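Data first, discussion second: the structure below is written as structure tokens.
This is the structure in structure tokens:
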């Protein structure tokens, strides 16, 4: 799998996963794409996802300048899971 360097380093150093981090060839060009997610709050996986997102938020991923979320009716923002 190809992951951003910060996420790969987090899983290697903090979560102690046995992964190798390799430098990508210069010929490969990546561009940043926005990621949108929706998880119903009544899902059995909601608590696990909430915990992982909170960990990422407190570690490094989200800056102080947050973009407003476009929410689907009955959903919860993944960028504001402090409740």
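Numbering (our numbering), first residue to last: 3 to 85. Ideal Cβ placement from N, Cα and C applies to all residues, glycine included. From a predicted model like this one, the values you see are computed outputs, not experimental measurements.
Secondary structure of residue i, DSSP reduced to three states
i	result
residue 64	Only weak support is given to the placement of residue 64: the predicted model assigns it a pLDDT of 48, under 50, and the value that follows is read from those uncertain coordinates. Three-state DSSP puts residue 64 in coil, outside helix and strand.
residue 41	coil
residue 23	coil
residue 14	helix
residue 32	coil
Cβ-based burial, residue i [other Cβ within 10 Å; buried from 16]
i	result
residue 21	exposed
residue 23	exposed
residue 55	buried
Beta-carbon proximity list for residue i, same chain, < 8 Å, skipping 5 on both sides
i	result
residue 7	23
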